[in-house]
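Here our numbering is used: the first residue of the sequence shown is 860, the next is one more, and so on. Glycine included, C-beta positions come from ideal geometry on N, C-alpha and C. Owing to the predicted nature of the structure, the values given are computational and were not obtained by experimental measurement. Single-structure report; data block below.
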Amino acid sequence: MGGVIMLIAIVITVLLVVPPSWSFVAALLATLCTAALGLFDDAEKVIHERSLGLTPKGKLIGQFAIATLFTLYVVNWLGIAPTVQIPFLQPWNFGVLTTSIPCPICPDGSLDIPWLYLVFCYLLIIGMSNAVNLTDGLDGLAAGTVMVVMIVMAAIAYRENMLPMAVFAATMAGACVGFLWFNAYPAQVFMGDVGSLALGGVLGYLALLCKQELILAVVGGLFVAETLSVIMQVSYFRWTGGKRLFRMAPLHHHFELKGIPESKIIIRFWITSALLGLVALPVLKLR
860 MGGVIMLIAI
870 VITVLLVVPP
880 SWSFVAALLA
890 TLCTAALGLF
900 DDAEKVIHER
910 SLGLTPKGKL
920 IGQFAIATLF
930 TLYVVNWLGI
940 APTVQIPFLQ
950 PWNFGVLTTS
960 IPCPICPDGS
970 LDIPWLYLVF
980 CYLLIIGMSN
990 AVNLTDGLDG
1000 LAAGTVMVVM
1010 IVMAAIAYRE
1020 NMLPMAVFAA
1030 TMAGACVGFL
1040 WFNAYPAQVF
1050 MGDVGSLALG
1060 GVLGYLALLC
1070 KQELILAVVG
1080 GLFVAETLSV
1090 IMQVSYFRWT
1100 GGKRLFRMAP
1110 LHHHFELKGI
1120 PESKIIIRFW
1130 ITSALLGLVA
1140 LPVLKLR
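Here you go:
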C-alpha cells in the first residue's frame, strides 16, 4: 500500500499549488474515490489474508459508480460536450442518445444522461485504471511508465490552456519519480491497488477533461497492450481448450518467462512508453 504515501504527497502538493477550478476539484475527488476503492481492496488482502482482495464484481461496481458520477458531473456541470475528438477528422457526437430527467440542482434544471458517451467513458476510465493495475507486476514498471505518460498529459493539458490539469498531471509525474527511488528494482516499497487504480483512473479523468480521449490510447499504448494481452490469452485459452497464446499474461510476464532480465524489461517498457508519447505529441499538434 505504498500508493498511500504517493497520494498524500500529491494531495498536499496540489492543494498548495494548483489554481482552484471545478474541473480540478472533480478530478481530485474522483482520484481519491478510486484510491479509496484500491485501499479497501489492499486492506482486504492484508486483514483477511485473502490473496485476491475484493471480488472482481465488487471492484467493478465501485469503478462503474465513480466513472458514472464523474462523467455526469463534467457533462452537466462543467459543460464538457459528449463528443470524441478524432485526430484530423470532425469530432464524433456520442450524445445522440441522451435522456434528460428533471433535476433542481442541475444548472439547466435537468440532468442529461448521454448513454453512448457514458459507455465510452466506462471503457476509457475503468479500462485505463485496470490497465495500469495489470502493468504493476514488476518493480518500477507501473510507476515509470505512468511517470512518462503523465508528463505527456501535462504537456497536452498545458497546450489546451488547462493549467490546473497540467499542474495536476505534473504533480502525479513528480510523485512517481519520488516513488521510483524506493520502488526501482529491487523494490523496497510497492504501490498496491491504492496506487495503481488511482493513477490509471487519473489518466482517464485527464483525457476526458482535456477532450483528448483517443490521444490517451496512443500515449498509454503500453497499458492498452498489457490489457489486450490478457484478453487475448483468456480468449485463446477458452477457444482452444487449454492452449496458451503467450507464456504468461500480462505481456511483461511473457518476456520474463522468455528469459529476459526483469530490469531490462522495465527499461525497455519505459523507452516504449516515451516513444509513444513522442508519437502522440506531433499528432496533437497537427490535428
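query	result
Helix or strand or just coil, what does DSSP make of W951?	strand
Is the Cβ of V1011 closer than 8 angstroms to any Cβ of chain B?	In the structure shown, chain B cannot be found, because there is only a single protein chain.
Taking the alpha carbon of G1063 as the reference point, which residue from P1141, A885, K918, P1045 has its own alpha carbon closest?	A885
L1081: which of F929, C980, T1131, I1126 sits nearest, CA to CA?	T1131
Give, in chain order, every unbroken run of the alpha helix (DSSP H) that is at least 4 residues long and sits entirely within the region 1055 to 1119.	1072 to 1078, 1080 to 1099, 1110 to 1116
Could you name the residues of the same chain whose beta carbon sits closer than 6 angstroms to that of Y1017, not counting the 5 residues immediately before and after it, in chain order?	A1025
Identify whether T958 lies in helix, strand or coil by the three-state DSSP scheme.	strand
For V1053, collect the residues of the same chain with a Cβ closer than 6 angstroms to its Cβ; drop the 5 residues on either side in sequence, then sort them by chain order.	M860, G862, V863, A894, G897, L898, D901
Taking only three categories from DSSP, how would you classify L970?	strand
Would you list the one or two residues that DSSP bridges to V943?	W951
Taking the C-alpha atoms as reference points, what is the distance between P1023 and F1041?	28 angstroms
Could you tell me whether the Cβ atoms of P1109 and L993 are closer together than 8 angstroms?	yes
Alpha carbon to alpha carbon, what distance is there between L975 and T958?	11 angstroms
Contact defined as beta carbons within less than 8 angstroms: I believe I1124 pairs with L997. What is the distance between those atoms, to the nearest angstrom?	6 angstroms
In terms of residue numbering, what span does the alpha helix (DSSP H) encompassing Q922 cover?	915 to 935
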